[in-house]
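All remarks here apply to the structure that follows.
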Amino acid sequence: MIKVKNLTKSYSGFRAVQDISFEVNRGEIVGFLGPNGAGKTTTMRVLAAYLPPTDGDVRVAGFDVVKDTLQVRRRIGYMPENVPLYHDMRVDEFLRFRARLKGTASRKIRERVETVKGLCDLKEVERKIIGTLSKGYRQRVGLADAMVHDPEMLILDEPTIGLDPKQIIAVRELIKSLGEHHTILLSTHILSEVEMICNRVIIINRGRIEASDSPDNLKKVVRGGGALLLELRAAAATVIEKFEALTDVDDAELVKVQPDDPAWCRIQVFAKPGCDLRDTIFAVVRKEGWDLREMSRTRATLEEAFVEIIQD
Amino acid sequence: MMTIWTLYRREMGSIFVSPVAYLVMAACSLIQGFSFALHLDHLNAQQETRISALQANLGFFFWLLLLGQIPLLTMRTFSEEYKMGTIEMLLTAPVREWELVLAKYFGVLTFFLLLWTPVIINLLFLYAFSGDHVPVPWPQTGLCYLMLLLIGMFYLAIGVLMSSMTRNQIVAAVLAFVVVLSLFLLSLLPLSPWFGGDREFQLWLMNFSTLQHMWNFSNGIFDSRPVVLYLSLTLYVLFVNERLLVARRHTS
Numbered sequence: 087m088i089k090v091k092n093l094t095k096s097y098s099g100f101r102a103v104q105d106i107s108f109e110v111n112r113g114e115i116v117g118f119l120g121p122n123g124a125g126k127t128t129t130m131r132v133l134a135a136y137l138p139p140t141d142g143d144v145r146v147a148g149f150d151v152v153k154d155t156l157q158v159r160r161r162i163g164y165m166p167e168n169v170p171l172y173h174d175m176r177v178d179e180f181l182r183f184r185a186r187l188k189g190t191a192s193r194k195i196r197e198r199v200e201t202v203k204g205l206c207d208l209k210e211v212e213r214k215i216i217g218t219l220s221k222g223y224r225q226r227v228g229l230a231d232a233m234v235h236d237p238e239m240l241i242l243d244e245p246t247i248g249l250d251p252k253q254i255i256a257v258r259e260l261i262k263s264l265g266e267h268h269t270i271l272l273s274t275h276i277l278s279e280v281e282m283i284c285n286r287v288i289i290i291n292r293g294r295i296e297a298s299d300s301p302d303n304l305k306k307v308v309r310g311g312g313a314l315l316l317e318l319r320a321a322a323a324t325v326i327e328k329f330e331a332l333t334d335v336d337d338a339e340l341v342k343v344q345p346d347d348p349a350w351c352r353i354q355v356f357a358k359p360g361c362d363l364r365d366t367i368f369a370v371v372r373k374e375g376w377d378l379r380e381m382s383r384t385r386a387t388l389e390e391a392f393v394e395i396i397q398d
Numbered sequence: 014m015m016t017i018w019t020l021y022r023r024e025m026g027s028i029f030v031s032p033v034a035y036l037v038m039a040a041c042s043l044i045q046g047f048s049f050a051l052h053l054d055h056l057n058a059q060q061e062t063r064i065s066a067l068q069a070n071l072g073f074f075f076w077l078l079l080l081g082q083i084p085l086l087t088m089r090t091f092s093e094e095y096k097m098g099t100i101e102m103l104l105t106a107p108v109r110e111w112e113l114v115l116a117k118y119f120g121v122l123t124f125f126l127l128l129w130t131p132v133i134i135n136l137l138f139l140y141a142f143s144g145d146h147v148p149v150p151w152p153q154t155g156l157c158y159l160m161l162l163l164i165g166m167f168y169l170a171i172g173v174l175m176s177s178m179t180r181n182q183i184v185a186a187v188l189a190f191v192v193v194l195s196l197f198l199l200s201l202l203p204l205s206p207w208f209g210g211d212r213e214f215q216l217w218l219m220n221f222s223t224l225q226h227m228w229n230f231s232n233g234i235f236d237s238r239p240v241v242l243y244l245s246l247t248l249y250v251l252f253v254n255e256r257l258l259v260a261r262r263h264t265s
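So the sequence lines, in the order shown, correspond to chains A and B.
Using the working numbering, read the first sequence as starting at 87 and increasing by one per residue.
Using the working numbering, read the second sequence as starting at 14 and increasing by one per residue.
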């Protein structure tokens, strides 16, 4: 659906995006992740055929964003950052205007507008002037606008920013359900969001792609994708020595000795990438005859993965 | 064509949804009415010919109003879109730059024509109430309107261009006024009694004098040269505007 090859975009000497390549396949929901100023918005603007690329080949649905720009624009629904809208129009009027502008056949306009109003929960404000709506409603009008011409692909620049928790959940659910029929590329700062919605994450930093994988695989990058936390009755030093002798163990460290119960200590064990330690560790504990009263797996979060990838 | 029509309707909506439009309309018809009353007085007091009665309408107030309207009408066309960020929304829809320029341009042109209808209504009143005493010179009036349209087209195109250069409406208005006023004053140069240059050169320069054009047309002298001049200048300015929008995307 999207094919980006060696895209570079620079304005007045500053290279916002440097030589990036990626693909988004039909039916995927891809999250675009990165710190502020990483080049997310620039990339999305290039994909939406708003900014022409300085160099490289960008194709959306098989059309070149420069040569067949109108074909590209007809096939995508783009929701820009900060959702610019005409504040003097009514919601209904605005959506009809946008549907017409995007070339929806006149007999279908009413039906499409009704559909997106239903999807985005805008029925109760349809007669209101956009300038008087709250941020959350405006965000939803923007989303409705992006979908009004029934595009094959949606490009959403921070769709949940500025919404309250309830609205965030509603928008997430909406995006997820849209993902069944549409290809979606969205950018966000909220990592848990990406984890919940996206099949794949592209992490971009300082204009370059740092990683592109499923959220689960990305988490594996972080210190073996998780650690075991154990609470044992034994001397901490012996325990650490025994664990570190195991081949799959990367590192073991004492978290703390229980102050009210000095015989017990908490130990954290990190695995080497791709290894599951649970069986081997338990075997050691049994062999040594230590008392074990807790063993839990601490999962690496996408946040940790993100920070680690960005820092490299 | 459909796209231009859609954008044009939106443009008209945005003009008439704001109270400013009605204020401008009221102010314009007030000034036009005032100027008309003044010229009626002249007509009653002196032995004026019918053509000079029309020309009395084209005095200082006429030009002041015309030049003052341009920035008021055009300042928000593109500046507002830049400031609100809505230009991004427009240019990511399947809209070509020239369609956007034309739609906005026709929007302000329509409003401009609307602002000059009270003059026709005033003349109709004159005709209706004076019977045969003051026959209204319809052909001259028609040509006078044609010239007004041509000058307006050119000046409005300049105003829209200035608006597409900045996101600040005030800057757009000042730029438009300065450029249009300078053009007008420059075109007065060959008419000035102090013009010291070569006589032939002066006559040649007269071809570009806006005031002279209006004078000729309101006297009933049709000349195709100014028509071609203003039409081509308008098209050129609109073309520059379209190029500017394209260039802006490459650099912003």
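Backbone N, C-alpha and C fix where the C-beta goes; we use that ideal spot for every residue, glycine too.
All values derive from a computational prediction rather than experimental measurement.
Would you mind stating whether residue i and residue j have Cβ atoms separated by less than 9 Å?
i: V257 of chain A; j: L229 of chain A; result: yes
i: C206 of chain A; j: L260 of chain A; result: yes
i: L378 of chain A; j: E317 of chain A; result: yes
i: C361 of chain A; j: D334 of chain A; result: yes
i: K203 of chain A; j: K209 of chain A; result: yes
i: S298 of chain A; j: I289 of chain A; result: yes
i: V108 of chain B; j: E255 of chain B; result: no
i: G26 of chain B; j: D178 of chain A; result: no
i: T19 of chain B; j: F183 of chain A; result: yes
i: G163 of chain A; j: D231 of chain A; result: yes
i: M165 of chain A; j: P251 of chain A; result: no
i: K306 of chain A; j: P237 of chain A; result: no
i: C284 of chain A; j: I115 of chain A; result: yes
i: Y168 of chain B; j: L80 of chain B; result: yes
i: I106 of chain A; j: T129 of chain A; result: yes
i: Q153 of chain B; j: G209 of chain B; result: no
i: A189 of chain B; j: L251 of chain B; result: no
i: P84 of chain B; j: L163 of chain B; result: no
i: G265 of chain A; j: H235 of chain A; result: no
i: M166 of chain B; j: Y243 of chain B; result: yes
Along the beta strand (DSSP E) that carries residue i, what are the first and last residues, could you check?
i: I106 of chain A; result: F100 to V110
i: V414 of chain A; result: In the structure as shown, chain A begins at 87 and stops at 398. Residue 414 of chain A is therefore absent and cannot be evaluated.
i: W350 of chain A; result: W350 to A357
i: I115 of chain A; result: I115 to L119
i: K305 of chain A; result: That residue, K305 of chain A, is in no beta strand (DSSP E); its alpha helix (DSSP H) goes P301 to K306.
i: T384 of chain A; result: D377 to R385
i: R141 of chain A; result: The sequence given here places Asp at residue 141 of chain A; Arg does not occur at that position. Its beta strand (DSSP E) spans residues D141 to V146.
i: L340 of chain A; result: V335 to V343
i: M165 of chain A; result: I162 to M165
On the premise that residue j lies in contact with residue i, defined as a C-beta separation below 8 Å, what is that separation, rounded to the nearest angstrom?
i: T87 of chain B; j: V121 of chain B; result: 6 Å
i: F74 of chain B; j: N135 of chain B; result: Contact flag wrong, Cβ pair sits at about 13 Å.
i: F118 of chain A; j: S278 of chain A; result: So it is not a contact: roughly 16 Å between Cβ atoms.
i: Y97 of chain A; j: T264 of chain B; result: 6 Å
i: L155 of chain A; j: A135 of chain A; result: Note on identity: in this sequence residue 155 of chain A is Thr, with Leu being the wrong assignment. About 5 Å; that satisfies the 8 Å criterion.
i: F125 of chain B; j: Q82 of chain B; result: 7 Å
i: M227 of chain B; j: M160 of chain B; result: 5 Å
i: A313 of chain A; j: Q344 of chain A; result: No, A313 of chain A and Q344 of chain A are not in contact; Cβ-Cβ is about 19 Å, not under 8 Å.
i: S222 of chain B; j: S200 of chain B; result: 5 Å
i: I295 of chain A; j: F100 of chain A; result: Not really, about 18 Å apart at Cβ, beyond 8 Å.
i: T99 of chain B; j: R159 of chain A; result: T99 of chain B to R159 of chain A, Cβ: 16 Å. No contact.
For the alpha helix (DSSP H) containing residue i, name the first residue and the last one.
i: Y172 of chain A; result: Taken as a continuous stretch (DSSP letters only), Y172 of chain A belongs to no alpha helix (DSSP H), as it is neither H nor E.
i: W129 of chain B; result: Per DSSP, W129 of chain B belongs to no alpha helix (DSSP H) and is neither H nor E.
i: N254 of chain B; result: S237 to T264
i: L137 of chain A; result: Element bounds for L137 of chain A: n/a, residue is neither H nor E.
i: G467 of chain A; result: Because chain A spans 87 through 398 in this model, residue 467 of chain A falls outside it and cannot be assessed.
By DSSP's criteria, residue i is part of a beta bridge. Which residues make up the other side?
i: I28 of chain B; result: For I28 of chain B, which the question treats as bridged, DSSP gives no partner whatsoever.
i: N291 of chain A; result: A:R294
i: A313 of chain A; result: A:F356 and A:T384
i: L318 of chain A; result: A:C351 and A:L378
i: D150 of chain A; result: A:R145
What runs of the alpha helix (DSSP H), each 4 residues or longer, lie entirely inside the stretch 212-288 of chain A? Within the stretch 212-288 of chain A, the complete alpha helix (DSSP H) runs of at least 4 residues are 221-233, 251-264 and 277-283.
Taking only runs that begin and end inside the stretch 164-225 of chain B, name each unbroken beta strand (DSSP E) of 3 or more residues, in chain order. Taking only runs of at least 3 residues, no beta strand (DSSP E) segment lies wholly in the stretch 164-225 of chain B.
Uninterrupted beta strand (DSSP E) stretches inside the stretch 67-118 of chain B (no shorter than 3 residues): For the beta strand (DSSP E) assignment, the stretch 67-118 of chain B encloses no uninterrupted run of at least 3 residues.
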